[in-house]
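Worksheet for the structure shown next.
Numbering (my numbering), first residue to last: 46 to 174.
In structure tokens, the structure reads:
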């Protein structure tokens, strides 16, 4: 059973260090396989396999009480960057509340997260603090 989205939590915006589009998706998948050590979107790597979404991550995403928004960096820049004027590194997880953006999990911290289970624990802990 899915939990209703809650206004108690900020909206979390997940921004991948990848551009949108089918061709970019195919190139990213190939990069993950051929040269995982140089793949520059750790958020993508821990939430998605080569072709499918990680099952632990998918379950969290579907059952989270927080509103979750997922964007590629080109989509974020188009819709948010000019509005807020912030400059961020990617990937990143932002919290939007009171019409402002704050870093929820930064790029450097994301690099230390080893798998989707650890990411779910980190997000859940921060949402409940």
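Beta carbons are placed, not taken as given, at the ideal position from N, Cα and C, and that holds for glycine.
DSSP places residue 165 within a helical segment (H, G or I) once states are collapsed to three.
Beta-bridge pairing by DSSP links residue 93 to 98. With contacts defined as CB atoms closer than 8 Å, residue 54 and residue 111 qualify as a contacting pair.
Residue 59 sits in a strand when the DSSP states are folded into three classes. Taking a C-beta distance under 8 Å as the contact criterion, residue 88 and residue 155 qualify as a contact pair. DSSP places residue 139 in the uninterrupted beta strand (DSSP E) bounded by 137 to 142.
Per DSSP, reduced to three states, the secondary structure at residue 105 is helical. Of the residues assessed, residue 143 falls on the exposed side of the cut-off, its CB having fewer than 16 other CB atoms within 10 angstroms.
Distance from residue 60 to residue 137 at the Cβ level is roughly 5 Å; contact confirmed, criterion being Cβ atoms closer than 8 Å. In terms of CA proximity to residue 64, 118 leads the group 132, 123, 118 and 98.
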